[in-house]
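Here the sequence shown is numbered in the working numbering, starting from 5 and rising by one per residue. Yeah, the Cβ is synthetic: ideal placement off N, Cα and C, and Gly gets one too. These notes are about the structure you will find just below.
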Amino acid sequence: MNEIIFMLGDWPVRTVDVLIGFGALVLILLVMIAVVIARSSRRGAELAMANAIRADELEERVSQMLHAQSEASGRVDAMTQTLAGRQADMARAVNERLDSVTHRVGQSMEHSTRNTMESLHALHERLGIIDSAHKNLTDLTTQVTTLRDVLANKQSRGAFGQARMEAIVQDGLPKGAYEFQFTLSTGKRPDCVVFLPDQRPLCIDAKFPLEAMTALHDARTDEERKIATQRLRGDVMKHVSDIAEKYLVAGETQEMALMFVPSESVYAEIHDGFDDIIQKAYRARVVLVSPSLLMLAIQVMQQIMKDARMRDAADQIRTEVIKLGDDLGRLRDRVLKLQKHFADANEDVRQVLISADKIEKRAGRIEELDFSKTDAPEGPHLVATGTPELFPRKLQAGE
């Protein structure tokens with residue numbers, strides 16, 4: 005135990021010294037740990053006390069909030085009951101007024117519905133006629149493959165196209181909605197015009213250059229087909245340019261015109277093999293239509309006119325409803341005046357009854373007077389005061 009472990013300068017360090025130093029170091033560490041634990045315990049107690057105080061304050065605030073919430077719930081319930089009562093009264097008054105207005109509007113709508121049903125019945129009959137005409141035209145179209153097979157000369161072809169176009173227009177539109185050979189302000193006369201709701205006519209041209217199409221059908225070689233194709237493009241585009249120049253008048257006519265092709269097969273061949281012609285014509289605001297497409301366009305125009313008439317009728321209905329509201333307001337004012345007259349009459353009757361009650365009371369008092377005593381002297385009876393006693397009692401003022 006007294007062995008020298010090492011030398012610290014001139015001081016020999018023995019085993020006992022090392023053990024004593026180590027024990028002192030352990031003791032110091034234990035003391036420090038105890039101090040740290042004591043401080044931690046004190047802080048934990050302080051923190052627990054602060055948390056308890058905060059919990060008490062939070063509980064008190066929660067109770068105050070619950071009390072305020074219960075008071076607010078009571079007030080809300082009272083306001084809800086009051087508002088419910090007022091809402092019921094208002095709903096009753098509104099329902100009474102709405103019933104009156106609904107009755108009148110119902111009568112008006114019933115009359116309008118009856119007229120509308122009659123118009124729809126007439127429209128259905130007209131559509132039946134149009135369907136029958138469409139069926140006949142379809143049967144005719146299946147039999148006619150090309151205009152060349154039907155008519156040989158140009159004038160006959162023009163008359164045929166004009167007649168077919170007129171038949172489609174007459175079958176699809178009412179009189180007054182179209183006119184044939186209408187003269188524009190420029191002096192030009194399109195084959196047909198259709199007057200749309202804005203009163204600007206839509207021009208329809210029934211002429212079509214068929215010679216180039218006939219030459220294309222008769223071509224036997226590639227060179228002939230090429231020449232016929234160029235001729236067809238030139239003839240159709242020239243006719244499109246003529247239509248655009250003659251029948252598109254700014255501010256007077258519609259912004260596009262229709263070029264009627266009186267053969268479904270010719271139109272289909274142009275549409276399939278010459279799409280560039282269709283596009284150029286469209287850019288020139290000229291639309292090529294076959295008989296079936298013209299019939300469809302006429303039906304669309306008819307629907308547009310019908311919608312315009314329905315809008316006019318809706319405006320009239322709206323005007324009548326507004327006038328009905330004005331009449332209802334005037335009726336309410338007159339009822340209020342009549343109610344005031346009734347109140348004045350009731351007051352007059354009450355005053356008359358009061359006067360009648362007073363008269364009845366005075367008559368009763370007069371009946372109570374006795375003039376039939378026989379023992380009374382004929383002269384005036386004098387009382388002690390020296391005044392004649394004419395009445396058993398003195399009448400009070402106002403009786």
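Legend entry - Backbone secondary structure at Asp209 - three-state DSSP: In the structure shown, Asp209 sits in a strand (DSSP, three-state: E or B).
Inset, instruction - Report yes if the C-beta of Arg369 is less than 8 Å from at least one heavy atom of the ligand SAH; otherwise report no. - result: Inclusion of the ligand SAH in the displayed structure is not the case, the ligand content being empty and no account of it being possible.
Inset, instruction - Measure how close the beta-carbons of Val244 and Leu262 come, nearest whole angstrom, since I'm counting them as under 8 Å. - result: Val244 to Leu262, Cβ: 11 Å. No contact.
Inset, instruction - Report yes if the C-beta distance between Met305 and Leu188 is below 9 Å; otherwise report no. - result: With contacts defined as CB atoms closer than 9 Å, Met305 and Leu188 fail to qualify as a contacting pair.
Legend entry - Inter-residue spacing [alpha-carbon to alpha-carbon] between Gln234 and Asp195: Answer to the nearest angstrom: the Cα atoms are 27 Å apart.
Legend entry - Buried versus exposed call for Ser77 [16 or more other C-beta atoms within 10 Å across all chains shown]: That one is exposed.
Inset, instruction - Return the bridge partner residues of Val39 from the DSSP annotation. - result: Answer by DSSP bridge pairing: none, since Val39 is not bridged.
Inset, instruction - Measure the C-alpha to C-alpha separation of Leu124 and Val253 and round it to an integer number of angstroms. - result: When rounded, the distance between both Cα atoms is 36 Å.
Inset, instruction - Have a look at Arg289 and Glu259 and give me their C-alpha separation to the nearest angstrom. - result: One C-alpha to the other measures close to 7 Å.
Inset, instruction - Mind the definition here: the stretch 170–180 touches the stretch 134–145 only if three or more C-beta pairs lie below 8 Å; say whether that holds. - result: Under the Cβ criterion (8 Å, minimum of three pairs), the stretch 170–180 counts as touching the stretch 134–145.
Legend entry - With 16 other Cβ atoms within 10 Å as the buried cut-off, status of Phe264: Residue burial annotation: Phe264 is buried, with at least 16 other C-beta atoms found within 10 angstroms of its C-beta.
Legend entry - Beta-carbon gap between Ile274 and Met217 smaller than 9 Å: One thing to note: Ile274 has its Cβ within 9 Å of the Cβ of Met217.
Legend entry - Buried or exposed (CB count within 10 angstroms, at least 16 for buried), Met169: Burial call: buried.
Inset, instruction - Pull up the CB-CB distance for Met309 and Pro201, whole angstroms please, since I reckon it's below 8 Å. - result: About 6 Å separates the beta carbon of Met309 from that of Pro201, a gap short enough to meet the 8 Å contact definition.
Legend entry - Distance, Ala318 Cα to Asp246 Cα: For Asp246 and Ala318, the distance between alpha carbons rounds to 41 Å.
Inset, instruction - Specify the secondary structure class of Val66 as computed by DSSP and reduced to three states. - result: DSSP, reduced to helix, strand and coil, places Val66 within a helical segment of the structure shown.
Inset, instruction - Thinking Pro266 and Val240 are a contact (beta carbons under 8 Å), I'd like their distance in whole angstroms, please. - result: That belief does not hold up - the Cβ atoms of Pro266 and Val240 are roughly 14 Å apart, past 8 Å.
Inset, instruction - Please state if the CB of Leu328 and the CB of Ser112 are separated by a distance shorter than 9 Å. - result: Yes, the pair counts as a contact, with Cβ atoms nearer than the cut-off.
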